[in-house]
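Chemist: In this text, residue positions in the sequence shown follow the numbering used here: the first is 2, and each later residue adds one.
Quick reminder that beta carbons are idealized off the backbone N, C-alpha and C, glycines included.
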Amino acid sequence: MMTVLKNKNVLLVEDNDEFAQNFMTLLSLFVGAIFHCKDIGSAQKVLVDEKIDMIICDIKLGDENGLDFIESIRKNNLHMPIVILSGNKNEEFLFRAIPLNLVAYLLKPIKYKEFTETLTKCAQFFTPSTLMLKNGYSFDQNNRLLYTKEGVAIELGKKEAAFVELLLANQNRIVTKDMMYESIWNFDCVSDQAIVNFVMRFRKKVGKEFIQTIAEAGYRLGH
């Protein structure tokens with residue numbers, strides 16, 4: 002999924018030169034162009050002069066606060082993927098960050114797994130075939146891939162993908178066994194126990210929280 006980032010422009014706002022250089026070396030493996038700024042004024046100019054697709058911004062920028070910059074962006078752009086970097090878990094910063102619809106709030110030093118999971122989440126913003134589910138997962142219909150809340154990809158079989166699509170089409174309703182007979186098995190003869198076993202294997206594969214079992218009724222997406 003991250004291949005979609007290869008032609009995307011990233012604005013990195015970071016005033017620590019050593020960290021910025023190391024971070025950009027890694028980031029350049031996954032994205033197109035990187036525009037590095039050390040202060041908010043320079044970053045604002047880049048946003049005007051260049052086509053920026055996503056932003057990665059440190060909070061402490063000398064005497065400036067990166068959250069002020071992000072708040073100004075969110076007044077006009079609610080959908081651009083934005084990642085915040087921070088050197089500590091400052092509760093005031095965390096509370097201010099909550100309403101900013103961030104992809105991630107990463108603490109330095111950044112772990113490689115957290116870095117790649119965050120880029121996977123950013124990539125979902127640019128993948129039309131990917132649908133966001135209300136339980137935090139996302140589903141790539143074209144490639145039959147289900148992504149967990151952490152951005153981990155799970156490859157689905159044909160029937161498993163059909164089950165996800167059925168759940169998606171009925172996010173506010175219960176999916177009954179009759180609906181599963183029709184959509185997944187195309188009315189082929191299949192026992193109730195076979196459906197139960199199918200759901201058990203599916204739940205084990207994707208995570209127990211993905212779907213809820215409604216006693217004597219059916220299934221629905223988890224929260």
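Excluding the 5 residues preceding and the 5 following residue 151 in the sequence, name in chain order all residues of the same chain whose CB lies nearer than 8 Å to its CB.
Modeler: Excluding residues within five positions, the ones whose Cβ falls inside 8 Å are 118.
Chemist: Can you give the Cα-Cα distance for residue 134 and residue 12, rounded to whole angstroms?
Modeler: If you take the alpha carbons of residue 134 and residue 12, they lie about 28 Å apart.
Chemist: I need the DSSP call for residue 51, collapsed to helix, strand or coil.
Modeler: Three-state DSSP puts residue 51 in coil, outside helix and strand.
Chemist: If you draw a straight line from the alpha carbon of residue 222 to that of residue 149, how long is it in whole angstroms?
Modeler: Computed Cα separation, rounded: 13 Å.
Chemist: Which value, in whole angstroms, describes the spacing of the CA atoms of residue 27 and residue 42?
Modeler: Going from the Cα of residue 27 to the Cα of residue 42 covers about 25 Å.
Chemist: Can you tell me which of the three DSSP states residue 219 falls into?
Modeler: Residue state, collapsed to three classes: strand.
Chemist: Residue 57 and residue 86 look like a contact to me (Cβ under 8 Å); what is the Cβ gap, rounded to whole Å?
Modeler: Confirmed, Cβ separation roughly 7 Å.
Chemist: DSSP three-state call for residue 143: helix, strand or coil?
Modeler: It is coil, neither helix nor strand.
Chemist: Beta carbon of residue 31, beta carbon of residue 120: below 7 Å?
Modeler: Yes, Cβ-Cβ distance for residue 31 and residue 120 is below 7 Å.
Chemist: Under the assumption that residue 185 contacts residue 167 (Cβ atoms under 8 Å), give the Cβ distance between them as a whole number of angstroms.
Modeler: About 7 Å; that satisfies the 8 Å criterion.
Chemist: Which residues mark the beginning and the end of the alpha helix (DSSP H) in which residue 15 is found?
Modeler: Segment: none, residue 15 is in no alpha helix (DSSP H) and carries neither H nor E.
Chemist: Tell me the residue span of the beta strand (DSSP E) that contains residue 162.
Modeler: No beta strand (DSSP E) contains residue 162, which is instead part of the alpha helix (DSSP H) from 159-170.
Chemist: For residue 7, collect the residues of the same chain with a Cβ closer than 8 Å to its Cβ; drop the 5 residues on either side in sequence, then sort them by chain order.
Modeler: These residues qualify, in order along the chain: 31, 32 and 33.
Chemist: For residue 209 and residue 196, which I take to be in contact (beta-carbon distance under 8 Å), what is that distance rounded to the nearest angstrom?
Modeler: At roughly 17 Å, the Cβ-Cβ gap does not stay under 8 Å, so residue 209 and residue 196 are not in contact.
Chemist: Beta-carbon within less than 6 Å of residue 105's beta-carbon, same chain only, minus the 5 sequence neighbours each way: which residues are those?
Modeler: Counting only Cβ-Cβ distances below 6 Å, and skipping sequence neighbours, we find 84 and 119.
Chemist: Measuring CB to CB, does residue 3 end up less than 7 Å from residue 154?
Modeler: Cβ atoms of residue 3 and residue 154: not closer than 7 Å.
Chemist: Compare the C-beta of residue 122 with all C-beta atoms of chain C and state if any pair is closer than 7 Å.
Modeler: Here there is only one protein chain, and chain C is not present.
Chemist: Taking DSSP's pairing of strands, which residues face residue 38 in a bridge?
Modeler: Note: residue 38 sits in a beta bridge opposite 14.
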